[in-house]
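S.K.: In order, the protein sequences belong to chains A and X.
Whatever position you read off the first sequence (first residue = 1), add 1 for this note's numbering.
Whatever position you read off the second sequence (first residue = 1), add 1 for this note's numbering.
This is the structure I want to talk about, given as structure tokens.
Protein chains: 2
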Amino acid sequence: MPFAPVLASEVSSWHGDTDVVIVGFGGAGACAAIAASDAGARVTIIEAASASGGSTALSSAEIYLGGGTAIQKAVGYDDSIDDVYGYLMDSNGPQADPGKVRAYAEGGAAHLDWLMSLGVPFKPTELKERAMMALTDDCLLYTGSEKAWPYSARYKPAPRGHNLEVEGDNGGPLLTRILLEQVEKRDVDVHYDTRALNLIVDQHGPQQQVVGLTVRQDMEERAFRARKGVVLCAGGFIMNETMVQAYCPQFLDNKTPIGNPNDTGSGIQMGLSVGGRAINMHEGFLSLPFYPPATLTYGIFVNGQGQRFVNEDAYHGRIGSFLVDQTFPVYLVLNVDDYGNYETESWLQAPVAATGETLDELVSELKLPPGQLELTLARYNQDVDAEADSLFHKDAAWLKPIEAPYVALDCTPGAGAFFPCFTLGGLDTTVEGAVHSVAGDNIPGLYAAGRTACGVPRRGDGYASGSSVGDATFSGRVAGNAVANREVV
Amino acid sequence: MPFAPVLASEVSSWHGDTDVVIVGFGGAGACAAIAASDAGARVTIIEAASASGGSTALSSAEIYLGGGTAIQKAVGYDDSIDDVYGYLMDSNGPQADPGKVRAYAEGGAAHLDWLMSLGVPFKPTELKERAMMALTDDCLLYTGSEKAWPYSARYKPAPRGHNLEVEGDNGGPLLTRILLEQVEKRDVDVHYDTRALNLIVDQHGPQQQVVGLTVRQDMEERAFRARKGVVLCAGGFIMNETMVQAYCPQFLDNKTPIGNPNDTGSGIQMGLSVGGRAINMHEGFLSLPFYPPATLTYGIFVNGQGQRFVNEDAYHGRIGSFLVDQTFPVYLVLNVDDYGNYETESWLQAPVAATGETLDELVSELKLPPGQLELTLARYNQDVDAEADSLFHKDAAWLKPIEAPYVALDCTPGAGAFFPCFTLGGLDTTVEGAVHSVAGDNIPGLYAAGRTACGVPRRGDGYASGSSVGDATFSGRVAGNAVANREVV
Numbered sequence: 002m003p004f005a006p007v008l009a010s011e012v013s014s015w016h017g018d019t020d021v022v023i024v025g026f027g028g029a030g031a032c033a034a035i036a037a038s039d040a041g042a043r044v045t046i047i048e049a050a051s052a053s054g055g056s057t058a059l060s061s062a063e064i065y066l067g068g069g070t071a072i073q074k075a076v077g078y079d080d081s082i083d084d085v086y087g088y089l090m091d092s093n094g095p096q097a098d099p100g101k102v103r104a105y106a107e108g109g110a111a112h113l114d115w116l117m118s119l120g121v122p123f124k125p126t127e128l129k130e131r132a133m134m135a136l137t138d139d140c141l142l143y144t145g146s147e148k149a150w151p152y153s154a155r156y157k158p159a160p161r162g163h164n165l166e167v168e169g170d171n172g173g174p175l176l177t178r179i180l181l182e183q184v185e186k187r188d189v190d191v192h193y194d195t196r197a198l199n200l201i202v203d204q205h206g207p208q209q210q211v212v213g214l215t216v217r218q219d220m221e222e223r224a225f226r227a228r229k230g231v232v233l234c235a236g237g238f239i240m241n242e243t244m245v246q247a248y249c250p251q252f253l254d255n256k257t258p259i260g261n262p263n264d265t266g267s268g269i270q271m272g273l274s275v276g277g278r279a280i281n282m283h284e285g286f287l288s289l290p291f292y293p294p295a296t297l298t299y300g301i302f303v304n305g306q307g308q309r310f311v312n313e314d315a316y317h318g319r320i321g322s323f324l325v326d327q328t329f330p331v332y333l334v335l336n337v338d339d340y341g342n343y344e345t346e347s348w349l350q351a352p353v354a355a356t357g358e359t360l361d362e363l364v365s366e367l368k369l370p371p372g373q374l375e376l377t378l379a380r381y382n383q384d385v386d387a388e389a390d391s392l393f394h395k396d397a398a399w400l401k402p403i404e405a406p407y408v409a410l411d412c413t414p415g416a417g418a419f420f421p422c423f424t425l426g427g428l429d430t431t432v433e434g435a436v437h438s439v440a441g442d443n444i445p446g447l448y449a450a451g452r453t454a455c456g457v458p459r460r461g462d463g464y465a466s467g468s469s470v471g472d473a474t475f476s477g478r479v480a481g482n483a484v485a486n487r488e489v490v
Numbered sequence: 002m003p004f005a006p007v008l009a010s011e012v013s014s015w016h017g018d019t020d021v022v023i024v025g026f027g028g029a030g031a032c033a034a035i036a037a038s039d040a041g042a043r044v045t046i047i048e049a050a051s052a053s054g055g056s057t058a059l060s061s062a063e064i065y066l067g068g069g070t071a072i073q074k075a076v077g078y079d080d081s082i083d084d085v086y087g088y089l090m091d092s093n094g095p096q097a098d099p100g101k102v103r104a105y106a107e108g109g110a111a112h113l114d115w116l117m118s119l120g121v122p123f124k125p126t127e128l129k130e131r132a133m134m135a136l137t138d139d140c141l142l143y144t145g146s147e148k149a150w151p152y153s154a155r156y157k158p159a160p161r162g163h164n165l166e167v168e169g170d171n172g173g174p175l176l177t178r179i180l181l182e183q184v185e186k187r188d189v190d191v192h193y194d195t196r197a198l199n200l201i202v203d204q205h206g207p208q209q210q211v212v213g214l215t216v217r218q219d220m221e222e223r224a225f226r227a228r229k230g231v232v233l234c235a236g237g238f239i240m241n242e243t244m245v246q247a248y249c250p251q252f253l254d255n256k257t258p259i260g261n262p263n264d265t266g267s268g269i270q271m272g273l274s275v276g277g278r279a280i281n282m283h284e285g286f287l288s289l290p291f292y293p294p295a296t297l298t299y300g301i302f303v304n305g306q307g308q309r310f311v312n313e314d315a316y317h318g319r320i321g322s323f324l325v326d327q328t329f330p331v332y333l334v335l336n337v338d339d340y341g342n343y344e345t346e347s348w349l350q351a352p353v354a355a356t357g358e359t360l361d362e363l364v365s366e367l368k369l370p371p372g373q374l375e376l377t378l379a380r381y382n383q384d385v386d387a388e389a390d391s392l393f394h395k396d397a398a399w400l401k402p403i404e405a406p407y408v409a410l411d412c413t414p415g416a417g418a419f420f421p422c423f424t425l426g427g428l429d430t431t432v433e434g435a436v437h438s439v440a441g442d443n444i445p446g447l448y449a450a451g452r453t454a455c456g457v458p459r460r461g462d463g464y465a466s467g468s469s470v471g472d473a474t475f476s477g478r479v480a481g482n483a484v485a486n487r488e489v490v
């Protein structure tokens, strides 16, 4: 039966016998393997694809860390653990996990040191532009809404996105290569083209312990014994339409799932099959990547009521998450001057809904309540003159009058704009990565990390780029260390 | 271990041996018992409280049904199955279950007939006022957002709340008494003051079947064999703070859980313990019960931007659900004239934030961006003059100029207003009530109904009063019939 646990007593022969079996060789799995190996465990990695990297390899691999990392200090940022903790608790809303956020905030500097000790290169420089990712080899950039209201008023902002020292959007491949080299150095047993099937347990029922994993490999079913435990690092479930329909169906229509094809939730399903608890399964990253060009930030988003609904200097994921809850249509209205290199630079793909040499001409082509955009723009321009956005507190640096000639981009879902999404729900784990059972205790021998677990990032409207790769590498390392040190009775 | 399944082979003696064990004697459990008994099964009900009724007894027990019920026809409403289906699919959003909604829409008239055949009294009259519940013995009333935008334009509205023929807010107790009498007539074995503990299975693991239930009764643990199956009708989980924190933490701060004290999610936990799948666990009913007096509907809600955000003629649950996602503060601004009997009639408990003989006086006491409420009111009053709310399409019947003297009620969560809530997530079941396992098949011998299952109502912003009692009685009846007819191999 898919994902149902198998009894060890029914395994006729063991293809492998090791301490730790890791399911998935993405960012989380690689870091779990390195940490478990360094803690003295024998490690086997099971990977469905033909190469390592998972969704980390496809990402920009910015790594969201703060609280005074070596790079933050070298560049001159005095970022405090309390500001990281406060920002992450607040932006992840009521579902934030205080224990995980505390460990992540307090351990941020040490985690970057650890990555650097593995040879991951970061250059002590900052990218100052508002960018979706760094295309230079500069390191630090703002990748969340730290400088945007309401957070800017509550926590001292600092750039926490750590971009690898590599030109272009090539952080993911570089991080993948370095982690692969580190795994290979450690004599970890890696099986590619091998699909994890079922957890193996010593017995069924409430006393069960996880003691291994069955896989499909070379057209055979094979069993691997895991004497200390199994770590599920198999990614999220955005590529599994059945699971998305069941748990977060809002991501089905007019959204683009991002990740690798094996983000099918198999790790989560295996955890559930032995009584694990999945939480936050409705949430995900959902973005409207409307910058670059950064000049689009001078515009305003208006909804079907012709009203603004967000400060446009917030992170693109926050804006995407707010946008989908509006009355449609939603337009981004701006000066033609600020449209800039939209057609060549932008990822947004939102079509032009209207242009206008006059406001009347613009609104005549938009589906908005008569007169409302005029009121909204008048109010906005008045605030620009006063250098204070009295409604949404967009930073003064992004305030500029919106005047003729105008352009409006149609950002309504389904009209063409790009809405990338991935899941943020997963197995509920301890800070150390042990999987909670439904009854609240832990399942002996079972760990999870990365997007298979529900980690630090928990809300689309509070997401920051780099928090998934940051959390995946962090939680993988923590879980790898924990499983290697597990006392098996 | 709490909720963990127990092996039948480990049961030393059986206290009871029956066909169907029903956990919980609220609306769902009672209807499951009646239906199962009428289908020829021997039935045992396990109830933690000292009396029947559960949260149904505490409710107004309006029953949301349409598609041409006997009462709708008698009053003169021509409600179609397609309009019920369309409205429920749309208002329950992307997570709506087409199969369940279809069965509910098509079976609405028959379900009311069934309730009437049990002696549940409905009078062929209509309550015309906008009310939170009927305090008269009239039957039909609008209990959702059928007459409100955006639904009114898409589906022909009809009143679908069926209030029992009883004076005062006494539908719940009357329905409970009638269902109790019907259960007692059927020689069902009822155990009060008995807490369900664990499901009993024939074996652990993927091949397990549910064959009974352990309970705590008279200071002993006892086992009941269920030869056809167990139906979990134990309510939702709003009274379980640990589960609310894990799944829907947004309901913890400044919200009031409503339901009976045994809405602790024990049925859901038991279902999860044998591999059931829980879905929609983040969702719930969340209301701002701001009418009566209905005249408050003439006011406008404004958020921290001084902007309206909803058509105020929508159902109070829709307004509550929208409200909590706004920037705070949130005020209800209205004419002092329409304040009416607020202090004696209202459930809202929102304090007066400000009053004003002039608009200047009013706004001077409110925390809003300077000038914005003035713009919002001017726009609104202009729309009132034109008899069309161009922004939110509030029905013309509720359009009236807002003029001095003014009053503003502070509806910000935490300021004093009443935000009742309960959960809408639960076990994923088939249309017949069988519990889906994580792998997608059904768990033999296990059924769920009412708020232990995830039924027809799935969104706070699309909720209609009476849809939970409607769904509980409907799904209980369906599951009771299904379990009684189960072929046991």
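All residues carry an ideal CB built from backbone N, CA and C; glycine is no exception.
What you are looking at is a predicted structure, and each value in this text was computed from that prediction instead of being measured.
For the stretch 48–66 of chain X against the stretch 162–178 of chain X, do three or more pairs of beta-carbon atoms, one drawn from each stretch, fall closer than 8 Å, so that the two count as touching?
M.R.: Yes, they touch.
S.K.: Do the stretch 200–208 of chain A and the stretch 95–110 of chain A meet, that is, are 3 or more Cβ pairs less than 8 Å apart?
M.R.: Not touching, per the Cβ criterion.
S.K.: Taking three-plus beta-carbon pairs below 8 Å as touching, is the stretch 265–277 of chain X in contact with the stretch 312–324 of chain X?
M.R.: No, because fewer than three Cβ pairs between the stretch 265–277 of chain X and the stretch 312–324 of chain X fall closer than 8 Å, the two stretches do not touch.
S.K.: Is it buried or exposed for L253 of chain A, if we count other Cβ within 10 angstroms and need 16 for buried?
M.R.: Taking the first residue of the first sequence as position 1, residue 253 of chain A is located at position 252. Flag for L253 of chain A reads exposed.
S.K.: Nearest chain X C-beta to R452 of chain A closer than 8 Å, yes or no?
M.R.: Taking the first residue of the first sequence as position 1, residue 452 of chain A is located at position 451. Answer no: the Cβ-Cβ gap between R452 of chain A and chain X never drops below 8 Å.
S.K.: Would you mind reading off the limits of the beta strand (DSSP E) that contains F225 of chain X?
M.R.: Residue numbering aside, residue 225 of chain X sits at position 224 when the second sequence is read from its first letter. Run containing F225 of chain X: E221 to L233, per the beta strand (DSSP E) assignment.
S.K.: Can you name the residues of chain A whose CB is closer than 7 Å to the CB of H283 of chain X?
M.R.: As a first step, residue 283 of chain X must be located in the second sequence, where it is residue number 282. Within chain A, the residues near H283 of chain X are H283.
S.K.: Looking at chain X, which residues of the stretch 241–253 of chain A have a Cβ within less than 8 Å of any of its Cβ atoms?
M.R.: Going along the stretch 241–253 of chain A in chain order, one finds T243, A247, Y248, P250, Q251 and L253 with a Cβ nearer than 8 Å to chain X.
S.K.: Pair every Cβ in the stretch 275–283 of chain A with every Cβ in the stretch 232–249 of chain A, then say whether three or more of these pairs are closer than 8 Å.
M.R.: They touch, by the three-pair rule.
S.K.: Express the C-alpha separation of L113 of chain A and M134 of chain A in angstroms, rounding to a whole number.
M.R.: Numbered from its first residue, the first sequence carries residue 134 of chain A at position 133. Numbered from its first residue, the first sequence carries residue 113 of chain A at position 112. So the alpha carbons of these two residues sit roughly 19 Å apart.
S.K.: Across which residues does DSSP place R196 of chain X in a beta bridge pair?
M.R.: As a first step, residue 196 of chain X must be located in the second sequence, where it is residue number 195. According to DSSP, R196 of chain X bridges with X:R217.
S.K.: Would a check of beta-carbon distances place D429 of chain A closer than 8 Å to chain X?
M.R.: The count along the first sequence starts at 1 and reaches residue 429 of chain A at position 428. It does: the Cβ of D429 of chain A has a partner Cβ on chain X nearer than 8 Å.
S.K.: Closer than 7 Å between beta carbons: that is the criterion. Which residues of the stretch 197–230 of chain A meet it against chain X?
M.R.: Hits within the stretch, in order: H205, G206 and P207.
S.K.: Counting only the same chain and skipping the five closest in sequence on each side, list residues whose C-beta sits under 8 Å from that of F420 of chain A.
M.R.: Mapped onto the first sequence, residue 420 of chain A falls at position 419. Correct list, in chain order: N255, K256, T257, L287, S288, L289, G321, V325 and P414.
S.K.: How would you list, in chain order, the residues of chain A whose beta-carbon sits under 7 Å from the beta-carbon of P3 of chain X?
M.R.: Here residue 3 of chain X corresponds to residue number 2 of the second sequence, with the count starting at 1. Simply A440.
S.K.: Considering only residues of the same chain and omitting the five flanking positions on each side of G341 of chain X, which have a CB-CB separation below 7 Å?
M.R.: Indexing the second sequence from 1 puts residue 341 of chain X at position 340. The answer, listed in chain order, is P294 and T296.
S.K.: Hey, quick one: how far does the alpha helix (DSSP H) through N443 of chain A stretch, first residue to last?
M.R.: For the purposes of this step, residue 443 of chain A is identified with residue 442 of the first sequence, where counting begins at 1. Careful: N443 of chain A lies outside any alpha helix (DSSP H), inside the beta strand (DSSP E) at N443 to A449.
S.K.: Which residue comes first and which comes last in the alpha helix (DSSP H) that contains P330 of chain X?
M.R.: Within the second sequence, numbered from 1, the residue matching residue 330 of chain X stands at position 329. That residue, P330 of chain X, is in no alpha helix (DSSP H); it is neither H nor E in DSSP.
S.K.: Any beta carbon from chain X within less than 8 Å of Q73 of chain A's own beta carbon?
M.R.: Along the first sequence, one-based indexing puts residue 73 of chain A at 72. Chain X, which has no Cβ nearer than 8 Å to the Cβ of Q73 of chain A, makes this no.
S.K.: Within a Cβ cutoff of 6 Å, which residues of the same chain sit near D79 of chain X, ignoring the five residues on either side of it in sequence?
M.R.: Mapped onto the second sequence, residue 79 of chain X falls at position 78. Same-chain partners within the cutoff: there are none.
S.K.: According to DSSP, what are the bridge partners of C455 of chain X?
M.R.: If you number the second sequence from 1, residue 455 of chain X lands on position 454. C455 of chain X pairs with nothing; no bridge assigned.
S.K.: So the beta strand (DSSP E) C422 of chain X belongs to, where does it begin and stop?
M.R.: Position 421 of the second sequence, counted from the first residue, corresponds to residue 422 of chain X. P421 to T424 is the span of the beta strand (DSSP E), which, as asked, contains C422 of chain X.
S.K.: Of all the residues that make up the stretch 295–316 of chain A, which are near chain C by a beta-carbon distance shorter than 9 Å?
M.R.: The structure shown contains no chain C; its protein chains are A and X.
S.K.: How about P122 of chain X and L165 of chain X: are their beta carbons less than 8 Å apart?
M.R.: Working through the second sequence from its first residue, we reach residue 122 of chain X at position 121. Working through the second sequence from its first residue, we reach residue 165 of chain X at position 164. Closer than 8 Å, so yes.
S.K.: For chain X, find out if any of its Cβ atoms is closer than 8 Å to the Cβ of P330 of chain A; answer yes or no.
M.R.: Within the first sequence, residue 330 of chain A is the residue found at index 329, counting from 1. Closer than 8 Å: no.
S.K.: Just list the residues that DSSP pairs F302 of chain A with in beta bridges.
M.R.: As a working note, residue 302 of chain A is residue 301 in the first sequence. In the DSSP output, where bridge partners are listed per residue, F302 of chain A has A:L333.
S.K.: How about F393 of chain A: is its C-beta nearer than 8 Å to some C-beta of chain X?
M.R.: Position 392 of the first sequence holds residue 393 of chain A. With 8 Å as the cut-off, F393 of chain A counts as an interface residue toward chain X.
S.K.: To the nearest angstrom, how far is it from the Cα of A227 of chain X to the Cα of F475 of chain A?
M.R.: Against the second sequence, residue 227 of chain X aligns to sequence position 226. Against the first sequence, residue 475 of chain A aligns to sequence position 474. The alpha-carbon atoms of A227 of chain X and F475 of chain A are separated by roughly 48 Å.
S.K.: Can you tell me the Cβ-Cβ gap for K447 of chain X and V231 of chain X, rounded? I've got them flagged as a contact below 8 Å.
M.R.: As a working note, residue 447 of chain X is residue 446 in the second sequence. As a working note, residue 231 of chain X is residue 230 in the second sequence. It is Leu, not Lys, that sits at residue 447 of chain X in the sequence shown. Indeed, because the Cβ distance is near 6 Å, the residues count as touching under 8 Å.
S.K.: In chain A, which residues lie less than 8 Å from G287 of chain X when you measure between Cβ atoms?
M.R.: Stepping through the second sequence from its first residue, residue 287 of chain X is reached at position 286. The question names Gly, yet the displayed sequence has Leu at residue 287 of chain X. Simply none; closest approach about 13 Å.
S.K.: Classify Q306 of chain A as buried or exposed, calling it buried when 16 or more other Cβ atoms lie within 10 Å of its own Cβ.
M.R.: Position 305 of the first sequence, counting from 1, holds the residue named residue 306 of chain A. When all chains shown are included, Q306 of chain A counts as buried.
S.K.: Got a sec: does the ligand FMN put a non-hydrogen atom nearer than 7 Å to the Cβ of Q209 of chain A?
M.R.: For the structure depicted, the ligand FMN is absent and the ligand set is empty, with no information on it obtainable.
S.K.: Kindly provide the ranges of any alpha helix (DSSP H) runs that are 4 or more residues long and lie completely inside the stretch 314–399 of chain A, ordered along the chain.
M.R.: The stretch 314–399 of chain A contains these whole alpha helix (DSSP H) runs: 317–324, 337–340, 343–346, 360–365 and 373–386.
S.K.: At a CB-CB cut-off below 7 Å, which residues of chain A make contact with Q96 of chain X?
M.R.: Mapped onto the second sequence, residue 96 of chain X falls at position 95. Simply P250.
S.K.: Quick check: T195 of chain A and S466 of chain A, are their CB atoms within less than 8 Å of each other?
M.R.: As a first step, residue 195 of chain A is located in the first sequence; it is residue number 194 there, counting from the start. As a first step, residue 466 of chain A is located in the first sequence; it is residue number 465 there, counting from the start. No, Cβ-Cβ distance for T195 of chain A and S466 of chain A is not below 8 Å.
S.K.: Leaving out the 5 sequence neighbours to the left and right, which residues in its chain are closer than 7 Å to E130 of chain A when beta-carbon positions are compared?
M.R.: As a working mapping, residue 130 of chain A is identified with position 129 in the first sequence. If we look at E130 of chain A and ignore the five residues flanking it on each side, its Cβ neighbours are A295.
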